[in-house]
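Participant: Below is one structure. I have some questions about it.
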Amino acid sequence: MQLTNILALFTGLAAASPVIVDALADGPSGHEVQITGLAFAGSGCPAGSVSGQLSSDLTTITLLYASFVAQAGNNIPASNYRKNCQLNVKLKYPSGWQFSVFKADYRGYAQIPKGDTGTCKATYYFSGDSRQISSTLTIRGPYDDNYLKTDQFGVESTVWSPCGVEGLLNINSEVRLSPMDAVKPALLTVDSTDLKFTQIHYLQWQKCKK
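In mature numbering (1 follows the signal peptide of the UniProt record, and there is no 0), the protein residues as written are -16 to -1, 1 to 194.
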């Protein structure tokens, strides 16, 4: 599936300015780090359904998804039981540094009847590296409320970008409902007020080992 570029959604700031910096005090300076590409693809993020914004201190990326919704129940197509979104973030950064995601927040809403289960999963990895790290939140019915999924990784347990001047971070997120033959209506989405999925990714930095 073709990836859709959403750099324009940052109203020119992401393409023209340094954007992700220094979640750790000893990271590179802000003007040395730039997002050079941001793209997405998947059943949970079709073209035109994603918007993005940068925090005022330039330390976080917030993505809003309008179609990241899994549904189950009578007369609901099986394809709606699972939705996913593959996000690719390309960053340019100084030689001698490498970065990783050390925290990510997923906020949403779940309406799951007794006997059913909802799952929210995220997998992080860098292109060209076989290592990856995943986390899963399982919500068992009955449940009818907002939820918060927070992924937080220590320096030892996370995956790092290549040492160099550019890294492509991949984040594969999915929401899933089970069983596939559910009868009662079920819903697993994000942001209960406008059905938008919010991801906030925080970065950390370290010097490359020689």
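Cβ atoms here follow ideal geometry from the backbone N, Cα and C, with glycine treated the same way.
What separation, rounded to the nearest whole angstrom, lies between the Cα atoms of A25 and L47?
Facilitator: A25 and L47: Cα-Cα distance of roughly 13 Å.
Participant: For Y131 versus I117, is the C-beta spacing smaller than 9 Å?
Facilitator: No, these two residues do not count as a Cβ contact at 9 Å.
Participant: Shortest alpha-carbon distance to K76 belongs to which of V159, L172, P146 and A166?
Facilitator: Closest option to K76, Cα to Cα, is P146.
Participant: Residues in its own chain within less than 6 Å of T20 by CB, not counting five upstream and five downstream?
Facilitator: Within the same chain, T20 has close Cβ partners K74 and K76.
Participant: Would the beta-carbon of R66 fall within 9 Å of that of S33?
Facilitator: Cβ atoms of R66 and S33: not closer than 9 Å.
Participant: For Q95, which of helix, strand or coil comes out of DSSP?
Facilitator: Q95 falls in the strand class under three-state DSSP.
Participant: Extract the residue ranges of the beta strand (DSSP E) inside the stretch 49 to 100, only unbroken runs of 3 or more that lie entirely within it.
Facilitator: Runs of the beta strand (DSSP E) inside the stretch 49 to 100: 54 to 56 and 66 to 96.
Participant: Roughly how many whole angstroms lie between the Cα atoms of T122 and G102?
Facilitator: Taking the straight line from one Cα to the other gives about 6 Å.
Participant: Quick check on this structure: which residue in M164, L161, D165 and E150 has the alpha carbon closest to the alpha carbon of A83?
Facilitator: Before going on, a small fix: residue 83 reads as Phe here, not Ala. Nearest C-alpha to F83: E150.
Participant: What residue does the beta strand (DSSP E) around K133 start on, and which one ends it?
Facilitator: Taken as a continuous stretch (DSSP letters only), the beta strand (DSSP E) holding K133 covers Y127 to Q136.
Participant: To the nearest angstrom, report how far apart Q188 and S162 are at their CA atoms.
Facilitator: Q188 and S162: Cα-Cα distance of roughly 35 Å.
Participant: Thinking just about the alpha-carbon of each residue, which of C104, L171, Y127 and P169 is nearest to the one in C156?
Facilitator: Note that residue 156 corresponds to Asn in the displayed sequence, not to Cys. Comparing Cα positions, the closest option is C104.
Participant: How many angstroms separate the CA atom of V143 from the CA atom of T134?
Facilitator: Distance between the alpha carbons of V143 and T134: 17 Å.
Participant: Is DSSP giving Q188 helix, strand or coil here?
Facilitator: Residue state, collapsed to three classes: strand.
Participant: In three-state DSSP terms, what is V143?
Facilitator: Three-state DSSP puts V143 in coil, outside helix and strand.
Participant: R91: which of G125, Y49, S79 and P78 sits nearest, CA to CA?
Facilitator: Of the candidates G125, Y49, S79 and P78, the one whose C-alpha sits nearest the C-alpha of R91 is Y49.
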